[in-house]
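K.L.:
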Amino acid sequence: MIKEKVAQALNQQFNKEMFSAYFYLGMSAHSESIGMRGASHWFMAKFVEEQDHAMKIYRYVLEQGAEVELFSVDKPDQGWSGLSEMLERTLEHERTVTQSVNDLMDVAVEARDHATQIFLHWFVTEQIEEEATVGDLIARLKLVGGKDEGLYLMDNELEAIAARMNAATAAKITA
Ligand code: FEO
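If you're matching positions, the sequence shown starts at 150 in the working numbering and goes up one per residue.
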């Protein structure tokens with residue numbers, strides 16, 4: 150059983166992960182509307198990944214005998230100028246999620262809740278990978294120029310990454 154304060158903080162993080170899913174779904178839609186299929190598939194894979202993060206928390210809260218509380222999901226920003234802006238905003242967004250995971254860890258530490266601290270280790274590690282991946286994509290987009298053929302190459306690369314992400318998700322489901 151976890152303390153009420155820890156359960157509340159976990160429920161808030163659940164909401165942030167659901168917002169992240171929604172945020173990436175909007176980017177997936179925009180990417181498709183501008184003909185960037187690879188980017189659209191990559192953001193869609195992120196949409197699925199974020200729902201998985203949220204559901205990890207959902208499952209943990211229930212397993213700890215606490216209540217799952219569902220809050221409204223905010224409307225994400227829309228109206229992007231292109232892939233470069235979407236990737237920059239993705240990095241910015243993931244940094245806020247990292248901060249939020251760190252704050253959540255502080256709540257668990259203050260509550261001397263060792264089980265929740267262990268549970269959150271996965272999220273701490275995941276955030277390192279998420280920020281690094283997006284930072285790398287931004288650097289590569291700059292390298293290829295960010296327009297015309299460069300954009301086309303980047304779109305193909307995102308398609309390949311999305312295929313790997315989808316295969317990993319499928320493997321998890323069938324495991
Ligand atoms: Fe669930 Fe991208 O953080």
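Glycine residues also receive a C-beta, built at the ideal position from the N, C-alpha and C atoms.
Go ahead and pull the three-state DSSP assignment for GLU216.
P.N.:
It is coil, neither helix nor strand.
K.L.:
Confirm the yes/no value for this check: CB of SER169, any heavy atom of the ligand FEO, distance under 6 angstroms.
P.N.:
Under cutoff, so the answer is yes.
K.L.:
As an exercise, report each continuous alpha helix (DSSP H) stretch of at least 4 residues that is fully enclosed by the segment 238-320, in chain order.
P.N.:
Segments of the alpha helix (DSSP H) lying fully in the segment 238-320: 263-293.
K.L.:
For the pair the segment 273-282 and the segment 228-243, tell me if three or more CB-CB distances fall below 8 angstroms.
P.N.:
These segments touch.
K.L.:
Do you know offhand how far ALA257's Cα is from MET176's?
P.N.:
Answer to the nearest angstrom: the Cα atoms are 33 angstroms apart.
K.L.:
Assuming MET254 and ALA203 form a contact by the criterion Cβ under 8 angstroms, report the distance between their Cβ atoms to the nearest whole angstrom.
P.N.:
Wrong, their Cβ atoms sit about 17 angstroms apart, outside the cutoff.
K.L.:
At a cut of 8 angstroms, does the segment 293-306 reach the segment 181-188 through at least three beta carbon pairs?
P.N.:
In short, these stretches touch, since the Cβ pair count reaches three.
K.L.:
Quick one: what's got a C-beta closer than 8 angstroms to VAL250's C-beta in the same chain, skipping five residues either side?
P.N.:
Within the same chain, VAL250 has close Cβ partners GLN162, LEU269, PHE272, VAL273, GLN276.
K.L.:
What does the alpha-carbon distance come out to for the pair LEU159 and GLY231?
P.N.:
Near 34 angstroms, if we compare the C-alpha coordinates of GLY231 and LEU159.
K.L.:
May I ask you to report which of helix, strand or coil DSSP gives ASP201?
P.N.:
ASP201 falls in the helix class under three-state DSSP.
K.L.:
According to DSSP, is ILE206 part of a helix, a strand, or is it coil?
P.N.:
It is helical.
K.L.:
Which stretch, first to last residue, makes up the alpha helix (DSSP H) that contains MET167?
P.N.:
Its alpha helix (DSSP H) spans residues 153-182.
K.L.:
With 16 other CB atoms within 10 Å as the buried threshold, where does LEU300 fall?
P.N.:
Buried is the call here.
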